[in-house]
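To keep things clear, I will list the structure first and then write my remarks on it.
There are 2 protein chains.
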Amino acid sequence: MGRTTLQQIALSLNLSVTTVSKALRSYPDVSEKTIQKVKEAAKLLNYKPNTFAVNLRTQESKTIGLVIPEIVHQFFSSVIKGVIEEAEKNGYVVIVLQTSQDFETEKKRIEFLIDKQVDGILIAIADQTVDCFHLYEVQSMDLPVVMFDKISKSVSCSKVIIDDIKAGYEATKHLIDCGCKNIAHFRGPLTSQNSIDRYLGYKKALEESGLKFDESNVYHCIKMNFEEGQEQAQKLLQNNRSVDGIFINTDMVAVGAMTEFKAQGIKIPEEISIVGFGNWFLSSVITPSLTTIDQPSYTMGKIAFNTLLSELTKRKKNEHVEHETVILPTEIIERESTLARKKFNISL
Amino acid sequence: MGRTTLQQIALSLNLSVTTVSKALRSYPDVSEKTIQKVKEAAKLLNYKPNTFAVNLRTQESKTIGLVIPEIVHQFFSSVIKGVIEEAEKNGYVVIVLQTSQDFETEKKRIEFLIDKQVDGILIAIADQTVDCFHLYEVQSMDLPVVMFDKISKSVSCSKVIIDDIKAGYEATKHLIDCGCKNIAHFRGPLTSQNSIDRYLGYKKALEESGLKFDESNVYHCIKMNFEEGQEQAQKLLQNNRSVDGIFINTDMVAVGAMTEFKAQGIKIPEEISIVGFGNWFLSSVITPSLTTIDQPSYTMGKIAFNTLLSELTKRKKNEHVEHETVILPTEIIERESTLARKKFNISL
DNA sequence: CTGAAAGCGCTTACAG
DNA sequence: CTGAAAGCGCTTACAG
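Note that the protein sequences, when read in sequence, are chains A and B. Per the working numbering, residue -1 is the first one in the first sequence, and the count goes up by one each step. Per the working numbering, residue -1 is the first one in the second sequence, and the count goes up by one each step.
Right, dumping it as structure tokens:
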């Protein structure tokens, strides 16, 4: 009963615990013979290092925290998958925590992770996060932080993101290329950098193309869910029937809006063209299929972990850590919610 | 710099480490006065117990492992959410690991969790898992295991499941009630208990209703993804054009099948009625919307965690642990993929 | 009511 | 090349 300890291996071989410990990790100052002998015995006795003891001794847990707004969400669950797979390869364990986009919850989660003594933290901040003192605190405890997707410019750390301005620009430009003249935008929360940047990209595309930018064509979403898509679509129809294209912040909201338009008998893309954001699976099976911006999620998770890992490694070697910002590429995926209209224009 | 230790509190108050340790946990053999004093000092110095030391001393980590087939999957990501929320409430941390439905990977993940010294394991086994020696090993190390959703009857442990036979029966019965006479079934892997049971429910409903059960009407899915739904639908159309209803093992496969039928100009539900399984969000926004079986996921996660927690607690008190099997209710959600046909029959 | 001591299982400077 | 000793920070039997 009970796990095998170094003590037991030492006893069985008439060696000291010190030597056994070193031999197992192939220290150069242990003879090859001893190393062999010890490793054999360890295997025989099914020795596994006691993680608790190792943690206490080395003051590291090989555990990182991953803080995200929502778990049940195609984008974030793909990120989780990327992080976990990469972590597993490197012997790290991941503690996943959810904030539900709430600032107070986020602060609590960070506190929890500090208490649990993780080696570092990966975070996509909540839309409702208004300051980052909780993250400065993490950094002041000498724990590295890497932000991804939902970042704050106020934190000096490595970041893994996409270029939301460019993506928003391209989405809008596509609508313009399809012949839309009066393009609306469903944006996200004012505090979210993603939303701000996509909105700026939208605005830039309109201005560059000589189309009028009209603030009343911008609809605000807070929760970014299906129902909000329906609501904003309804509002849009009441306000302005001349809109012929919409760039929508997220596929889920876009699907909500499409459902509302379909229910009201409005034809997509003939009457209104729509571009979503994220390239969620959903967007490919909805009718009509949704033109959207493909955004790397799985890859973002992998790169975020590896960025953190490299900082962890450098710190251990007392090397200087340079923060980097990795920008991943996005791509427009053209589908039926804009395609037909494009064809129509070409044939003119 | 550095965390406050008991030592430091003790020094600052001229007390022993022992007394400080006990006071912080309000031991009855410490004077009320001392308790107050110590707690104040602890707060002042921002004391946080060193998890590593506590783990080593108590030989428990307040960490559990959660092993699932796929993270990017509506059902499982909801389970994760339920587990994590419940764990967080109880001061537990969750390590999520994915098997990709692969048996070898599952064995590795379990090994990893044993190495990391989790207090217990929650698992939905992979479809390709053929034996459970790896789980017996966990139990032999005196770690509690709780299985949920994808279980094996060969493991003696607590389980949280749904009644798949009943659910499959009701899904099929609904098709029969809608007037379908020739009902096919898209089933899952032969090794999955869920698939077996849903299939048995399908068979039972047919037999009870005096409809012929024909093995050639049963189509096997292995990966249970969108593409397989398309493939099997295609195969079905080549085989047998007289099928007028299908009960499909999972919403994702059902959506694949529907996409294929629509592409081939086959009307749903007029020509073929379809019932899916899971009540994924997808099923409500697809056109036509999909009739399906609602299966609790978030709740299943919560209950699975609490079942494990109660075993953990009992073990600590050296109480006898009785394994229990919790069966959660399912419900049929009627939508357009069967509804129209039902109306049609009623009007006859 | 308080505290000295042992010990959880490991790693790492240091001595020989 | 090997090992004795200290120590990571805590908890818990035990003594007083």
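Each residue gets a CB set at the ideal place from its N, CA and C atoms; glycine is no exception. Here the structure is a predicted model, which is why all the values come from computation and not from measurement.
Pick from C178/B, Y200/B and K157/B: whose alpha carbon is nearest that of I163/B? The residue given as residue 163/B occupies position 165 in the second sequence. Here the closest residue by C-alpha is Y200/B.
Can you tell me the Cα-Cα spacing of V324/B and E104/B, whole angstroms? For the purposes of this step, residue 324/B is taken as residue 326 along the second sequence, with counting starting at 1. For the purposes of this step, residue 104/B is taken as residue 106 along the second sequence, with counting starting at 1. Looking at the two C-alpha atoms, the distance is approximately 24 Å.
What residues from chain A crowd round V94/B, counting only those whose CB sits closer than 8 Å? Within the second sequence, numbered from 1, the residue matching residue 94/B stands at position 96. Under the 8 Å cutoff, chain A gives I78, I82, V92 and V94.
Contact residues within the region 274 to 287 of chain A, judged by C-beta distance below 7 Å to chain B: L280, V283, I284 and T285
Curious, which full-length beta strand (DSSP E) runs of at least 3 residues does the region 147 to 177 of chain A contain? 156 to 160
V253/A: contacting residues in chain B (beta-carbon distance under 8 Å): Start at 1 with the first residue of the first sequence, and residue 253/A comes out as number 255. Under the 8 Å cutoff, chain B gives V283.
Cβ-based neighbour list, V18/B, same chain, cut-off 6 Å, excluding 5 preceding and 5 following: Sequence index remark: in the second sequence, residue 18/B carries index 20 (1-based). Excluding sequence neighbours, V18/B sits near L4, I7, A8 and V36.
For L346/B, count the other beta carbons within 10 Å of its own beta carbon; 16 or more makes it buried, fewer makes it exposed. Which is it? Looking up residue 346/B in the second sequence gives position 348. With a pLDDT of only 38 at L346/B, under the threshold of 50, the placement of this residue in the model should not be trusted; the figure read from the coordinates follows. Its Cβ having fewer than 16 others within 10 Å, L346/B is exposed.
With DSSP run on the structure shown, which of helix, strand or coil describes G254/A? Here residue 254/A refers to the residue found at position 256 of the first sequence. Helix at G254/A.
Taking Cβ to Cβ, would you say I246/B is nearer than 9 Å to G263/B? To locate residue 246/B, count along the second sequence from 1; it is residue 248. To locate residue 263/B, count along the second sequence from 1; it is residue 265. Their beta carbons are not under 9 Å apart, which means I246/B does not touch G263/B by this criterion.
Anything in chain A within Cβ reach of T2/B, meaning under 9 Å, just list it in chain order. Looking up residue 2/B in the second sequence gives position 4. Within 9 Å Cβ-Cβ: nothing; T2/B doesn't reach chain A, min ~12 Å.
Name the DSSP bridge partner or partners of Q57/B? By 1-based counting over the second sequence, the position of residue 57/B is 59. Per DSSP, none; premise fails for Q57/B.
Taking only the alpha-carbon atoms, compute the straight-line gap between E329/B and C130/A and give it to the nearest angstrom. Translated into positions along the second sequence, residue 329/B becomes position 331. Translated into positions along the first sequence, residue 130/A becomes position 132. E329/B and C130/A: Cα-Cα distance of roughly 44 Å.
Integer Cβ distance of M222/A from V241/A, believed to fall under 8 Å: The sequence position of residue 222/A within the first sequence is 224, counting from 1. The sequence position of residue 241/A within the first sequence is 243, counting from 1. Actually they are not in contact, since the Cβ atoms of M222/A and V241/A sit about 20 Å apart, beyond 8 Å.
In chain B, which residues lie with their C-beta within 7 Å of the C-beta of A51/A? As a working note, residue 51/A is residue 53 in the first sequence. Ordered by position in chain B, the residues that pass the 7 Å Cβ test against A51/A are L54.
Tell me, which residues are paired with T290/B by DSSP? Within the second sequence, numbered from 1, the residue matching residue 290/B stands at position 292. T290/B is bridged to I331/B.
Skipping 5 residues on each side, what residues in its chain have a beta carbon closer than 6 Å to that of W278/B? Position 280 of the second sequence, counting from 1, holds the residue named residue 278/B. Only Q72 and D249 meet the Cβ criterion.
Counting only runs that start and end within the region 24 to 98 of chain B, where is the beta strand (DSSP E) found for 3 or more residues in a row? 61 to 66 and 91 to 96
Can you say whether A261/A is buried or exposed, counting buried as having 16 or more other CB atoms within 10 angstroms of its CB? Indexing the first sequence from 1 puts residue 261/A at position 263. It counts as exposed.
Identity of the residues DSSP links to V217/B by a beta bridge: Reading the second sequence from its first residue, position 219 is the one you call residue 217/B. As written in the sequence, residue 217/B is Tyr, which differs from the Val given in the question. According to DSSP, Y217/B bridges with F184/B.
Between Q293/A and I160/A, how many whole angstroms is the CB-CB distance? I'm expecting something under 8 Å. As a working note, residue 293/A is residue 295 in the first sequence. As a working note, residue 160/A is residue 162 in the first sequence. Q293/A to I160/A, Cβ: 6 Å. Contact.
Residue burial classification, G0/A (beta-carbon count within 10 angstroms, cutoff 16): Here the question's residue 0/A lines up with position 2 in the first sequence. G0/A comes out exposed.
In angstroms, rounded to a whole number, what distance separates the CA positions of R107/B and Y167/A? Position 109 of the second sequence, counting from 1, holds the residue named residue 107/B. Position 169 of the first sequence, counting from 1, holds the residue named residue 167/A. Going from the Cα of R107/B to the Cα of Y167/A covers about 43 Å.
K79/A classed as buried or exposed, judged by whether at least 16 other C-beta atoms fall within 10 angstroms: Sequence index remark: in the first sequence, residue 79/A carries index 81 (1-based). By the neighbour-count rule (16 or more Cβ atoms within 10 Å), K79/A is buried.
With C-beta atoms as the reference, is G243/A less than 9 Å away from A203/A? Counted from its first residue, the first sequence places residue 243/A at position 245. Counted from its first residue, the first sequence places residue 203/A at position 205. In this structure, A203/A does not lie closer than 9 Å to G243/A by Cβ.
I need the straight-line Cα distance from L13/B to V28/B, nearest angstrom please. As a position in the second sequence, residue 13/B is number 15, starting the count at 1. As a position in the second sequence, residue 28/B is number 30, starting the count at 1. Approximately 12 Å, taken between the alpha carbons.
Look at the Cβ atom of M139/A, then the Cβ atom of I121/A, and state whether they are nearer than 9 Å. Counting from 1 along the first sequence, the entry for residue 139/A is found at position 141. Counting from 1 along the first sequence, the entry for residue 121/A is found at position 123. Contact flag unset, no.
DSSP three-state label for E199/B, please. Translated into the one-based positions of the second sequence, residue 199/B becomes position 201. The sequence shown places Gly at residue 199/B, not Glu. Looking at G199/B - three-state DSSP - the assignment turns out to be helix.
Chain-ordered chain A contacts of D113/B [CB-CB under 9 Å]: As a working mapping, residue 113/B is identified with position 115 in the second sequence. Within chain A, the residues near D113/B are K46, P47 and T49.
Simplified DSSP assignment, three categories, for M145/B: To locate residue 145/B, count along the second sequence from 1; it is residue 147. Residue state, collapsed to three classes: strand.
Is it buried or exposed, E38/A, if we count other Cβ atoms within 10 angstroms and call 16 or more buried? Along the first sequence, one-based indexing puts residue 38/A at 40. So E38/A counts as exposed.
Do S282/A and F74/A come within 9 Å of each other at the CB atom, strictly closer than that value? Position 76 of the first sequence holds residue 74/A. Position 284 of the first sequence holds residue 282/A. No. Outside cutoff.
Measuring CA to CA, which of N316/A, K46/A, T297/A and R333/A is closest to V158/A? Residue numbering aside, residue 158/A sits at position 160 when the first sequence is read from its first letter. Of N316/A, K46/A, T297/A and R333/A, the residue nearest in Cα terms is T297/A.
Cβ neighbours of F16/A in the same chain (closer than 8 Å, five flanking residues each side left out): Taking the first sequence and counting its residues from 1, one reaches residue 16/A at position 18. The identity of residue 16/A in the sequence shown is Thr, whereas the question assumes Phe. Excluding positions up to five away in sequence, the list is empty.
If you compare alpha carbons, which of T170/B, P187/B and G186/B is closest to G208/B? Taking the second sequence and counting its residues from 1, one reaches residue 208/B at position 210. With distances taken between Cα atoms, G208/B lies closest to T170/B.
For T290/A, go through chain B and note every residue whose CB falls closer than 8 Å to its CB, in chain order. Indexing the first sequence from 1 puts residue 290/A at position 292. What T290/A touches in chain B: nothing, since even the nearest Cβ is about 15 Å away.
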